[in-house]
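So the sequence lines, in the order shown, correspond to chains A and B.
Each residue of the first sequence is one higher than the one before, starting from 1 at the first, in the UniProt record's numbering.
Each residue of the second sequence is one higher than the one before, starting from 1 at the first, in the UniProt record's numbering.
The next block holds one structure in the form of structure tokens; read it before the comments.
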Amino acid sequence: MADAPKTSASLHRPDGWEIVRRSKPAMISLVFLAVLVVLAFTVPFFLPDALKTTSNGAFLPPLASGVDAPVTHVCGTDKNGQDLFYRLLTGAQVSMGVGIVGAAISLIIGTLYGMISGFMGGRVDALMMRVVDLLYAVPRILFIMIFIAAFDSVFKDWLDGIRLWSQEAGWKRLEEAAHYLMPYSKIVVMIISLGLVEWLTMARIIRGQVLVLRELTFVTASRAMGQSNWQILRKHLLPNLSTIILTYLTLTIPAVILDESFLSFLGLGIEDPAASWGSLLKDGAQVINPVESKWWLLAFPAVLMSLSLLALNFLGDGLRDAFDPKSAD
Amino acid sequence: MSLLTVQNLQQHFPVRGGVLRRAVASCKAVDGVSFELGKGETLGLVGESGCGKTTLGKAIARLLKPTSGQITFDGQDITHKSMGELRPMRRNMQMIFQDPAESLNPRHTVRDILEEPFIVQKIGTKEERRKWVLDLLDKVGLANSAAEKFPFEFSGGQRQRIGIARAIALKPKLIVCDEPVSALDVSVQSQVLNLLLDLQRDMGLSYLFIAHGLSVVKHMSDRVAVMYLGKIMELAPAEMLYHSPRHAYTKALLDAIPVPDPSLRRSRKLLQGDVPSPINPPPGCAFGHRMKHPNWEQSVGMDLSLKEVSPGHWVQLCPCCT
Numbered sequence: 001m002a003d004a005p006k007t008s009a010s011l012h013r014p015d016g017w018e019i020v021r022r023s024k025p026a027m028i029s030l031v032f033l034a035v036l037v038v039l040a041f042t043v044p045f046f047l048p049d050a051l052k053t054t055s056n057g058a059f060l061p062p063l064a065s066g067v068d069a070p071v072t073h074v075c076g077t078d079k080n081g082q083d084l085f086y087r088l089l090t091g092a093q094v095s096m097g098v099g100i101v102g103a104a105i106s107l108i109i110g111t112l113y114g115m116i117s118g119f120m121g122g123r124v125d126a127l128m129m130r131v132v133d134l135l136y137a138v139p140r141i142l143f144i145m146i147f148i149a150a151f152d153s154v155f156k157d158w159l160d161g162i163r164l165w166s167q168e169a170g171w172k173r174l175e176e177a178a179h180y181l182m183p184y185s186k187i188v189v190m191i192i193s194l195g196l197v198e199w200l201t202m203a204r205i206i207r208g209q210v211l212v213l214r215e216l217t218f219v220t221a222s223r224a225m226g227q228s229n230w231q232i233l234r235k236h237l238l239p240n241l242s243t244i245i246l247t248y249l250t251l252t253i254p255a256v257i258l259d260e261s262f263l264s265f266l267g268l269g270i271e272d273p274a275a276s277w278g279s280l281l282k283d284g285a286q287v288i289n290p291v292e293s294k295w296w297l298l299a300f301p302a303v304l305m306s307l308s309l310l311a312l313n314f315l316g317d318g319l320r321d322a323f324d325p326k327s328a329d
Numbered sequence: 001m002s003l004l005t006v007q008n009l010q011q012h013f014p015v016r017g018g019v020l021r022r023a024v025a026s027c028k029a030v031d032g033v034s035f036e037l038g039k040g041e042t043l044g045l046v047g048e049s050g051c052g053k054t055t056l057g058k059a060i061a062r063l064l065k066p067t068s069g070q071i072t073f074d075g076q077d078i079t080h081k082s083m084g085e086l087r088p089m090r091r092n093m094q095m096i097f098q099d100p101a102e103s104l105n106p107r108h109t110v111r112d113i114l115e116e117p118f119i120v121q122k123i124g125t126k127e128e129r130r131k132w133v134l135d136l137l138d139k140v141g142l143a144n145s146a147a148e149k150f151p152f153e154f155s156g157g158q159r160q161r162i163g164i165a166r167a168i169a170l171k172p173k174l175i176v177c178d179e180p181v182s183a184l185d186v187s188v189q190s191q192v193l194n195l196l197l198d199l200q201r202d203m204g205l206s207y208l209f210i211a212h213g214l215s216v217v218k219h220m221s222d223r224v225a226v227m228y229l230g231k232i233m234e235l236a237p238a239e240m241l242y243h244s245p246r247h248a249y250t251k252a253l254l255d256a257i258p259v260p261d262p263s264l265r266r267s268r269k270l271l272q273g274d275v276p277s278p279i280n281p282p283p284g285c286a287f288g289h290r291m292k293h294p295n296w297e298q299s300v301g302m303d304l305s306l307k308e309v310s311p312g313h314w315v316q317l318c319p320c321c322t
């Protein structure tokens with residue numbers, strides 16, 4: 001009878017984590033993504049320098065030996081003789097990073113917007129949702145392209161201004177940060193623009209949930225003791241939204257990654273020497289011809305990207321199932 | 001002097017329609033209610049679903065902006081105060097809700113839930129609050145270990161005890177109890193009711209006790225108000241109301257109290273139909289209209305305010321129901 005409390009505890013609804021663990025696709029996806037992230041952010045440091053630079057061995061097939069140095073190109077080389085395996089890993093860094101940061105931006109905007117809209121209700125809500133409807137009608141890729149074109153140079157100027165200003169003020173850290181960001185200004189602008197277009201769905205979902213939550217009596221109870229609206233949003237609504245936010249974060253990341261690849265594929269996003277999955281695909285697609293197949297340049301990035309997107313979507317679905325009380329039974 | 005005075009309180013909600021969402025009608029949820037509630041007294045408020053009991057409770061707790069009328073609480077007119085101005089007053093008036101599963105935030109521990117009133121009202125230090133939480137748990141008969149648990153780990157009755165602990169945290173003078181036991185099993189209802197009575201005795205609380213049946217209210221109340229379609233039909237001391245009801249609606253509600261012995265089954269009049277919509281209430285006596293009473297038409301245009309028929313016994317006098 002010593003373990004009686006334990007059995008009674010397991011009688012209640014299994015918590016979210018148990019459900020995710022039970023879902024095989026979600027678990028496999030989680031492991032796959034974890035391994036990929038760990039590999040992408042560690043392995044490049046251990047690779048020999050010969051793999052990180054251009055070489056004379058252009059278009060070497062997979063598993064061929066290097067021309068300049070005694071190394072094995074696991075995934076072959078590209079037109080500049082760069083090792084594809086190394087580029088795939090750094091590309092994963094960029095794509096994942098853009099995906100996570102872009103999704104985080106959209107998450108912050110979408111959550112705030114949705115919470116305010118749902119909580120205020122009435123005319124404010126109607127107005128805010130019509131704005132969302134309007135923005136839905138704007139072609140996303142077009143918006144991103146115009147945004148990048150308009151703000152790329154502006155942002156560079158800002159960074160330069162910040163750098164000079166902090167140099168004068170003697171803020172070493174800020175100066176270094178601005179200097180470090182300069183070559184990446186286009187990526188930063190792109191991430192911001194991706195975040196700016198991806199928040200709409202998040203805002204709608206959060207708003208819908210807030211409309212439900214704000215009618216629950218624990219909100220009324222909090223109001224009856226004199227709690228301010230802002231604190232009700234922060235202390236009562238936000239914790240109850242966290243599961244939904246997490247779920248849609250995992251579903252927004254692949255959407256952002258896909259947008260980024262699309263832009264890079266068009267040549268509007270990441271540029272050499274930096275790489276992303278999209279820019280690698282572009283390089284691969286450019287050298288495709290019927291005479292001589294350089295399949296590895298297209299196949300490896302495509303497979304890696306598809307698997308990652310699939311895994312993120314499976315994980316998102318698994319989380320959604322886990323947090324939806326109806327599907328838990 | 002009475003603790004709470006409500007005078008001709010009206011709470012109307014606009015019904016919006018059309019493209020421009022203009023108010024095309026109003027739903028008269030509470031339509032001219034007056035009563036007084038003394039210190040340490042319990043006023044029971046009964047009526048069918050949809051008669052405006054809960055709305056009245058929320059309006060008194062100023063969770064709504066009353067359309068007209070006056071609410072005086074503890075010597076202050078609180079009818080038109082803003083939410084910010086109401087904050088200090090809220091220490092003295094709290095609510096207990098119907099569904100304890102919904103009235104406790106599922107993501108807060110019991111400690112978070114019970115500390116919230118103190119934090120909102122900026123009372124006490126962290127250590128003091130910890131101690132008070134344990135005191136509160138003690139008062140409502142829960143173990144100290146409950147503080148670190150989440151609401152779903154408790155049964156319905158225990159959850160309601162947590163809700164009660166939260167309501168008494170700030171030592172209020174009045175608690176609006178909105179059907180506090182109707183979501184609970186019959187076996188735990190009496191425990192919770194007795195807890196409320198004990199707390200009333202210890203802390204000198206006043207209750208506005210809302211319920212939809214007269215049987216629970218009988219156990220609790222000094223006086224009982226019977227509400228129908230946003231208006232009070234009859235208001236009397238509990239004993240008087242049970243022994244000599246004057247209004248037909250009160251009689252119908254008394255008839256509806258189940259009697260455990262089938263051999264004592266009375267001939268009873270069952271209520272026909274539903275409470276009519278408060279959006280376009282019938283003229284005259286609303287209950288006579290529902291019962292299709294032959295004298296109903298005489299009540300149209302009559303003064304239907306409450307009249308004191310014997311000391312403390314107030315009834316809406318109309319030719320059809322009394």
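Don't be surprised by glycine CBs; every beta carbon is placed ideally from N, CA and C.
Rounded C-alpha distance that separates residue i from residue j
i: A:Gly122; j: A:Leu200; result: 19 Å
i: A:Ile28; j: A:Ala311; result: 8 Å
i: A:Glu175; j: B:Ser145; result: 53 Å
i: B:Glu41; j: B:His212; result: 19 Å
i: A:Gly57; j: A:Lys186; result: 30 Å
i: A:Ile244; j: A:Leu237; result: 12 Å
i: A:Gln286; j: A:Lys235; result: 53 Å
i: A:Leu63; j: A:Val31; result: 26 Å
i: B:Asn194; j: A:Val101; result: 56 Å
i: A:Asp329; j: B:Arg107; result: Any reading at A:Asp329 needs caution, since the residue's pLDDT is 40, under 50, leaving its predicted position unreliable; the model's value is listed next. Rounded to the nearest angstrom, the two C-alpha atoms are 20 Å apart.
i: A:Glu198; j: B:Glu127; result: 45 Å
i: B:Leu196; j: B:Gln160; result: 11 Å
Sequence-distant residues of the same chain with beta carbon closer than 8 Å to residue i, five excluded per side
i: B:Gln316; result: Lys231, Ile232, Met233, Glu234, His247, Cys285, Leu304, Ser305, Leu306, Lys307, Thr322
i: A:Met129; result: Ser117, Arg204, Arg207
In DSSP terms, what residue i is bridged to
i: B:Ala236; result: B:Val224
i: A:Asp157; result: Paired residue(s): none; A:Asp157 is not in a bridge.
i: residue 350 of chain B; result: One cannot answer for residue 350 of chain B here, as it falls past the ends of chain B, which runs 1 to 322.
i: B:Met93; result: B:Leu174
i: B:Asp31; result: B:Gln10
i: A:Gly284; result: Note: A:Gly284 sits in no beta bridge, so no partner.
i: B:Asp77; result: B:Thr72
i: A:Thr42; result: A:Thr42 pairs with nothing; no bridge assigned.
i: B:Gln316; result: B:Leu306
i: A:Phe143; result: A:Phe143 is not bridged to any residue.
i: B:Arg22; result: B:Gly17
i: B:Lys231; result: B:Tyr228
i: B:Thr86; result: It is Leu, not Thr, that sits at residue 86 of chain B in the sequence shown. The partner list for B:Leu86 (beta bridge, DSSP) is empty, contrary to what the question assumes.
Candidates the options, of which the one nearest residue i by Cα
i: A:Thr252; options: A:Trp295, A:Gly278, A:Leu309; result: A:Leu309
i: B:Lys28; options: B:Pro276, B:Leu241, B:Thr125; result: B:Pro276
i: B:Asp198; options: B:Asn295, B:Leu214, B:Met220, B:Leu184; result: B:Met220
i: A:Thr54; options: A:Gln82, A:Tyr86, A:Gly66, A:Phe32; result: A:Gln82
i: B:Pro151; options: B:Ile257, B:Val309, B:Leu4, B:Val110; result: B:Val110
i: B:Cys51; options: B:His12, B:Arg16, B:Gly288, B:Pro278; result: B:Pro278
i: A:Asp283; options: A:Arg87, A:Leu39, A:Ala40; result: A:Arg87
i: B:Met291; options: B:Val24, B:Cys320, B:Gly47; result: B:Cys320
i: A:Ile192; options: A:Ser276, A:Ala69, A:Gly97, A:Tyr136; result: A:Gly97
i: B:Met227; options: B:Ile60, B:Thr250, B:Ser206, B:Trp296; result: B:Thr250
i: B:Val309; options: B:Ile123, B:Pro237, B:Ser155, B:Pro294; result: B:Pro237
Nonlocal neighbours in the same chain, by C-beta distance under 6 Å from residue i, ignoring five residues either side
i: A:Pro183; result: none
i: B:Gly75; result: none
i: B:Gly204; result: Gly40
i: B:Pro180; result: Ile96
i: A:Ala26; result: Val20, Phe314, Leu315, Gly318
i: B:Val188; result: Gly157
First through last residue of the beta strand (DSSP E) which encompasses residue i
i: A:Asn80; result: Premise fails: A:Asn80 is in no beta strand (DSSP E) and is neither H nor E.
i: B:Lys307; result: 306-310
Chain-order list of residues whose beta-carbon lies under 7 Å from that of residue i (same chain, five-residue window excluded)
i: B:Gln7; result: Ser34, Gly69, Gln70
i: A:Leu181; result: Leu159, Val188
Where the alpha helix (DSSP H) containing residue i begins and where it ends
i: A:Phe59; result: Taken as a continuous stretch (DSSP letters only), A:Phe59 belongs to no alpha helix (DSSP H), as it is neither H nor E.
i: residue 332 of chain B; result: The question about residue 332 of chain B has no answer, for chain B in this structure spans 1 to 322.
i: B:Gln121; result: Note, B:Gln121: premise wrong, no alpha helix (DSSP H); not H, not E.
i: A:Gly316; result: 295-323
heavy atom of the ligand HEM below 7 Å from residue i C-beta
i: B:Pro260; result: For the ligand HEM, the structure offers nothing, since it holds no ligand at all.
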